[in-house]
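Each remark here refers to the structure printed beneath this line.
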Amino acid sequence: MRNLALILPILIISSGLAGCLSEDEFVWPEPETWDCEIEGDFDLACHTYLDVLESPILSQKHPSKNEIWIIEQSGIINSWDGNVTSQIANLSSIVSDCHIEQGLLGMAFSDDFSESRSVLLSYVDEGSCEGPNESDLVLASAKIDLDGKMNMSSVLVLKSVEQPFRNHNGGHILGIGNNQFLWGVGDGGSGYDPDGNGQNRETELGSILLFSFEEDRIYPVLQNSSGDPFVLHNGLRNPWRFDLDDQARLWIADVGQNCWEEVNLVSLENPENLGWAEMEGFYPVDNSACVKSPVDPGKEENFTSPVLAYPHSNGNCSITGGFWMSWGPSELRDGYLYGDFCTGSIWILREVGGVWVEDFIGSSGGMIVGFGEGLEEELLIFHWTGEIIRIG
């Protein structure tokens, strides 16, 4: 079992991916691993899938080849065909590494990849590490040459979002079909959303954006009568991964501040306000303590509550979003899978009799920064140490 002497310092000092303190206050712990432990109710075990990369956080299945692309926060993209890795791109010269939450944060294939050879990239651009943040969150496109390598001269910035601070960048990109994509953007950073971005639909910070991508340009899809035309859902702190289920509902894992980690369930059609920084979990934000205060009368109706929120107890500190499991091990299907960065804990959330119930699966044995799907629908877990674990 994991040593509590390690868990407690991590709980105190982690932020952003782990959310507790402001940008200038925290010091990240050294990456650690420990023994994987799966609950006895599950006939599953942990296996090393790949252990040759430095900072993997995400994988994408190639649209036509039997390979996955593994995205590293450092800016490297590699392909993996089950035998060898091959470098697709090295974006390290254009992405920022000033802060542990900056870097290459997302990638998606275009719907017409076989014809256009286009991919979408999400990253924090390179800038000075001294003084206030000068690096924006960037959405860009790039072309893949016929030899399978990214043409670096083709990288085209489609949209930039100014980031006041270096943490809370979000950055996930999710294709939803019909040339449409979702892009997660954090609240701008620091702590407790000092600029009130989460509750301001005029800004793209603290939101899930919806856009269409055609011929190397993006367009808003929504017909918003007010606010930013790209903003679908607002009231988010740091949406670190989201996924669609088989009913086209959107599952969003939102990293909390000091008290609660959230799983949100919303539709794709109706814009929702998820409450930050008025609410954290099911409760009003209290900057001084984790108090389960009642919601002010009339205020609750303004916000969409999460379907689940778990506290910063037992070493947990920061949610890492996963997938709606319509694939993978049979024991993990038909539910939303997610984990915690600090403890490596993994849960599956399922609807039972009209109520969402979480089931603890176990600990992956490392600090979870992302989930992925392998070549044969294996469930992959990305650890902060760089190793990729297969659960099966």
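When we follow numbering that gives the first Met the number 0, the leftmost residue of the sequence shown carries the number 0, and every step to the right adds one. Even glycine gets a Cβ: it sits at the ideal position worked out from N, Cα and C. Since we're looking at a predicted model, the values are computed, not measured.
Quiz prompt | Element boundaries [alpha helix (DSSP H), containing E114] | solution = According to the DSSP assignment, E114 belongs to the alpha helix (DSSP H) that extends over F112 to S115.
Quiz item: Which of helix, strand or coil does DSSP assign to L7?
Solution: In this predicted model, L7 has a pLDDT of only 35, less than 50, meaning its place in the structure is not dependable enough to derive any value.
Quiz prompt | C-alpha distance - L443 paired with D245, whole-angstrom precision | solution = Since the first residue shown for the chain is 0 and the last is 391, residue 443 is missing from the structure and cannot be characterised.
Quiz prompt | Start-to-end residues for the beta strand (DSSP E) that takes in F41 | solution = No residue range can be given for F41, since it is assigned to no beta strand (DSSP E) and is classified by DSSP as neither H nor E.
Exercise. Ignore the nearest five residues each way along the sequence and tell me which others in G18's own chain have a CB closer than 6 Å to its CB.
Key: Only weak support is given to the placement of G18: the predicted model assigns it a pLDDT of 45, under 50, and the value that follows is read from those uncertain coordinates. Same-chain partners within the cutoff: V254, G255, Q256 and S317.
Practice problem: Return the chain-ordered list of same chain residues with a C-beta closer than 7 Å to the C-beta of D227, the five sequence neighbours on each side being excluded. | Solution: Sequence-distant partners of D227 (beyond 5 residues in either direction) whose C-beta falls short of 7 Å from its own C-beta, in its chain, are R200, E201, T202 and E203.
Quiz item: Hey, would you say G321 sits closer than 8 Å to L336, going by beta carbons?
Solution: It is a contact, given that the beta carbons lie within the stated cut-off.
Practice problem: Go through its chain and collect everything with a Cβ distance to E260's Cβ below 6 Å, but skip five positions before and after it. | Solution: Cβ neighbours of E260 beyond the five flanking positions: Y309 and I318.
Self-check item: Alpha carbon of I410 to alpha carbon of E161, nearest angstrom
Solution: Look at the range of the chain in this structure, 0 to 391, and you will see that residue 410 is not part of it.
Exercise. Output the boundary residues of the beta strand (DSSP E) element that contains F302.
Key: No beta strand (DSSP E) contains F302, which DSSP labels as neither H nor E.
Quiz item: In three-state terms, what does DSSP make of E214?
Solution: Correct three-state label for E214: coil.
Practice problem: Determine the extent of the beta strand (DSSP E) in which W355 is found, giving its start and end residues. | Solution: It spans V354 to S362 - the beta strand (DSSP E) in which W355 sits, taken as one unbroken run.
Self-check item: First and last residue of the uninterrupted beta strand (DSSP E) at M366
Solution: Per DSSP, M366 lies in no beta strand (DSSP E) segment and is marked neither H nor E.
Quiz prompt | Rounded C-alpha distance that separates W346 from V118 | solution = About 31 Å.
Self-check item: N65 classed as buried or exposed, judged by whether at least 16 other C-beta atoms fall within 10 angstroms
Solution: It is exposed - the Cβ of N65 has fewer than 16 other Cβ atoms within 10 Å.
Quiz prompt | L331 in three-state terms, based on DSSP | solution = Three-state result, L331: helix.
Quiz prompt | Per-residue DSSP class, three states only, for Q412 | solution = Residue 412 lies beyond the residue range present for the chain, which begins at 0 and ends at 391; the question has no answer from this structure.
Quiz item: Under the rule that 16 or more other beta-carbon atoms within 10 Å means buried, what is S85, buried or exposed?
Solution: S85 comes out exposed.
Exercise. Rounded to whole angstroms, what's the CA-CA distance from P193 to E372? Just pull it up for me.
Key: In a straight line, the C-alpha of P193 is about 37 Å away from that of E372.
Self-check item: Reference F370; option with closest CA among G352, K298, F41 and H171
Solution: Cα-wise, what sits closest to F370 is H171.
Self-check item: Host beta strand (DSSP E) of D242 (start-end)
Solution: Here the beta strand (DSSP E) through D242 covers P238 to L243.
Quiz prompt | Bounding residues of the beta strand (DSSP E) (the contiguous stretch that carries E161) | solution = Note, E161: premise wrong, no beta strand (DSSP E); not H, not E.
Quiz item: Should the segment 127-146 be regarded as contacting the segment 57-74, the criterion being three or more beta carbon pairs within less than 8 Å?
Solution: At 8 Å Cβ cutoff, the stretches do not touch.
Quiz item: Where L155 and F281 are concerned, what is the direct C-alpha to C-alpha distance, given to the nearest angstrom?
Solution: Cα-Cα distance, rounded: 41 Å.
Quiz prompt | Alpha-carbon spacing of F210 relative to G39, whole angstroms | solution = Their backbone Cα atoms lie some 44 Å apart in a straight line.
Quiz item: Using the C-alpha atoms, what's the distance from D124 back to G169?
Solution: Rounded to the nearest angstrom, the two C-alpha atoms are 14 Å apart.
Quiz prompt | Segment contact, 8 Å Cβ cut-off, at least three pairs: the segment 274-292 with the segment 377-389 | solution = Three or more Cβ pairs closer than 8 Å define a contact, and the segment 274-292 falls short of that threshold against the segment 377-389.
Practice problem: Would you mind sorting R240 into buried or exposed? The rule is 16 or more other CB atoms within 10 Å of its CB. | Solution: Looking at its Cβ environment, which holds 16 or more other Cβ atoms inside 10 Å, R240 is buried.
Quiz item: Looking at F302 and G234, is the spacing between their C-beta atoms short of 8 Å?
Solution: Yes; because the gap between Cβ atoms is below 8 Å, this pair is in contact.
Quiz item: Below 8 Å between beta carbons: does that hold for L157 and A141?
Solution: Against a cut-off of 8 Å, the Cβ pair of A141 and L157 comes out as no contact.
Quiz item: For M366 versus G343, is the C-beta spacing smaller than 8 Å?
Solution: Cβ atoms of M366 and G343: closer than 8 Å.
Exercise. State whether the segment 215-222 contacts the segment 29-44, with contact taken as three or more CB pairs (one from each stretch) at a distance under 8 Å.
Key: They do not touch, by the three-pair rule.
Quiz item: In whole angstroms, what is the alpha-carbon distance linking H46 and I388?
Solution: Computed Cα separation, rounded: 6 Å.
Quiz item: Helix, strand or coil: how does DSSP classify G321 here?
Solution: Reduced to three states, the DSSP call for G321 is strand.
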